[in-house]
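30 is the number that the UniProt record's numbering gives to position 30 of the sequence shown; each next residue is one higher, with no gaps. Even for Gly, the Cβ is constructed at its ideal location relative to N, Cα and C.
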Amino acid sequence: MYVSEPPLLSQSSWPDLNQLMQAYCSCEEELKRHIYEQQCNSFENINQVDTQEEIKERIEISTSTRGRRAPRVSPEHRTAFLRSRYAILHRQLDAVD
């Protein structure tokens with residue numbers, strides 16, 4: 001999965017800097033939450049058997065409104081995407097300083 005890097009911000013674009021900082025913080029929180037969930041899931045799923053409701057819910061989540069299956073993203077790809085986005089935002093913040 002390739003993440004395109006947005007253009008660097010100039011020092012005179014303070015509203016953009018605020019948006020960048022918010023994006024950076026929310027990405028950092030999402031990355032932490034995702035890694036934590038993956039760690040919890042690896043322990044919880046060892047002996048867990050899905051109920052019919054859980055299976056039905058997972059199918060509903062993975063299916064789009066038009067009835068086509070949404071693309072499945074593995075936890076490893078999601079982690080890589082979040083780490084990449086976090087690194088890009090971090091570089092942009094460093095460039096503004």
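Distance from the CA of L93 to the CA of R85, rounded to the nearest whole angstrom, comes to 12 angstroms. Closest option to Q39, judged by alpha-carbon separation, among C27, A95, R83, P75: P75. Looking at D16, M21, K32, the one whose alpha-carbon comes closest to that of A80 is K32. Between N41 and A95, the alpha-carbon positions lie close to 37 angstroms from each other.
Taking C-beta atoms under 8 angstroms as the contact rule, C25 and L82 fail to qualify, at a distance of about 13 angstroms. When secondary structure is reduced to three states using DSSP, S74 falls in the coil class, being assigned neither helix nor strand.
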